[in-house]
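Numbering (my numbering), first residue to last: 2 to 194.
Structure first, commentary second.
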Amino acid sequence: MNNNIFPTNGILERASKELLLGQKGICIWFTGLSGSGKTTIAIELEKQLNLKGLLTQVLDGDNIRTGINSNLGFSDEDRIENIRRIAEVTKLFVNCGIITICCFVSPTNEIRAIAKQIIGEKDFVEVFVNTPLEICEKRDVKGLYAKARKGEVKDFTGISAPFEAPLSPEMELNTANLSAVESARLIIEKLKL
Ligand code: ADP
Numbered sequence: 002m003n004n005n006i007f008p009t010n011g012i013l014e015r016a017s018k019e020l021l022l023g024q025k026g027i028c029i030w031f032t033g034l035s036g037s038g039k040t041t042i043a044i045e046l047e048k049q050l051n052l053k054g055l056l057t058q059v060l061d062g063d064n065i066r067t068g069i070n071s072n073l074g075f076s077d078e079d080r081i082e083n084i085r086r087i088a089e090v091t092k093l094f095v096n097c098g099i100i101t102i103c104c105f106v107s108p109t110n111e112i113r114a115i116a117k118q119i120i121g122e123k124d125f126v127e128v129f130v131n132t133p134l135e136i137c138e139k140r141d142v143k144g145l146y147a148k149a150r151k152g153e154v155k156d157f158t159g160i161s162a163p164f165e166a167p168l169s170p171e172m173e174l175n176t177a178n179l180s181a182v183e184s185a186r187l188i189i190e191k192l193k194l
């Protein structure tokens, strides 16, 4: 840490921003295999929340890996840095009173623990999108499972790299049985949003 960096005083407090918005900041963290439905549910959840007059921000691979993290690859070191930056950005949104919906495979307990530690336990709601691998692979939204099976994508979660199921997620959704609309409704109910 640079000794010449000092904290800024006087920035408007989180509580004032939450009062202004009439809502509480929170991070809804989706974890699950590629194609499990994280982004699809996030989009539906954002739609339903916005209809209720609530301000949201969705973060996913598309707006993060092409933007703030465009200089990062998939080495162990870069994966940790990827999640650290995502969590720091999320924290800024949450401290602004915004319902921040994060969609990242985040396949290991270690990675999710880093995110939770940075964002803060009380602001971190873990939702495990637990759609069976066979279904994700059948959907193959991005054609990545086929490539992974042929060995054209290395270390692909679920095929050639492990996915560790979260130990105690706040919620678990299986999109084999639930539509995106139903999943979003369940989250809103559970979190009393
Ligand atoms: P992820 O963000 O987890 O990689 P996506 O949301 O990008 O997954 O892809 C999930 C795919 O599965 C989408 O093409 C979506 O239309 C499809 N799908 C089918 N049924 C469901 C469901 N019940 N819930 C969510 N997605 C579903």
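Virtual Cβ for every residue (Gly too), placed ideally from N, Cα, C.
Could you give the residue range of the alpha helix (DSSP H) that holds residue 87? As a working mapping, residue 87 is identified with position 86 in the sequence shown. Looking at the DSSP string, the run of the alpha helix (DSSP H) that includes residue 87 is 77-96.
Please find out if some non-hydrogen atom of ligand 1 comes closer than 7 Å to the beta-carbon of residue 126. The count along the sequence shown starts at 1 and reaches residue 126 at position 125. No, ligand 1 has no heavy atom inside 7 Å of this Cβ.
What does the alpha-carbon distance come out to for the pair residue 79 and residue 85? Translated into positions along the sequence shown, residue 79 becomes position 78. Translated into positions along the sequence shown, residue 85 becomes position 84. Near 10 Å, if we compare the C-alpha coordinates of residue 85 and residue 79.
Residue 181 CB to nearest heavy atom of ligand 1 below 7 Å: Mapped onto the sequence shown, residue 181 falls at position 180. Yes, Cβ of residue 181 sits closer than 7 Å to a heavy atom of ligand 1.
Assign residue 60 to one of three DSSP states: helix, strand, or coil. Here residue 60 is taken as the residue at index 59 of the sequence shown, counted from 1. Judged by DSSP in its simplified three-state form, residue 60 adopts strand.
Taking C-alpha atoms, which residue in 54, 58, 87 and 76 lies nearest to residue 68? The residue you call residue 68 lines up with position 67 of the sequence shown. Residue 68 has its Cα closest to that of 87, out of 54, 58, 87 and 76.
Please find out if some non-hydrogen atom of ligand 1 comes closer than 7 Å to the beta-carbon of residue 33. Position 32 of the sequence shown, counted from the first residue, corresponds to residue 33. Flag set: Cβ of residue 33 near ligand 1.
For residue 182, count the other beta carbons within 10 Å of its own beta carbon; 16 or more makes it buried, fewer makes it exposed. Which is it? Locating residue 182 in the sequence shown gives position 181, counting from the first residue. With fewer than 16 Cβ atoms within 10 Å of its Cβ, residue 182 is classed as exposed.
For a test of your reading of the model: does the CB of residue 97 fall under 7 Å from any non-hydrogen atom of ligand 1? Yes or no. In the sequence shown, the residue the question calls residue 97 occupies position 96. Every heavy atom of ligand 1 is 7 Å or more from the Cβ of residue 97, so no.
Proximal residues to residue 40 (C-beta, below 7 Å), its chain only, five neighbours per side dropped: As a working note, residue 40 is residue 39 in the sequence shown. Correct list, in chain order: 61 and 104.
Nearest candidate by alpha-carbon position, reference residue 15, set 70, 26 and 6: Counting from one through the sequence shown, the residue named residue 15 turns up at place 14. Measuring from the Cα of residue 15, the nearest candidate turns out to be 26.
Assuming residue 12 is part of the alpha helix (DSSP H), what are its boundary residues? For the purposes of this step, residue 12 is taken as residue 11 along the sequence shown, with counting starting at 1. Unbroken run through residue 12: none, as it is neither H nor E.
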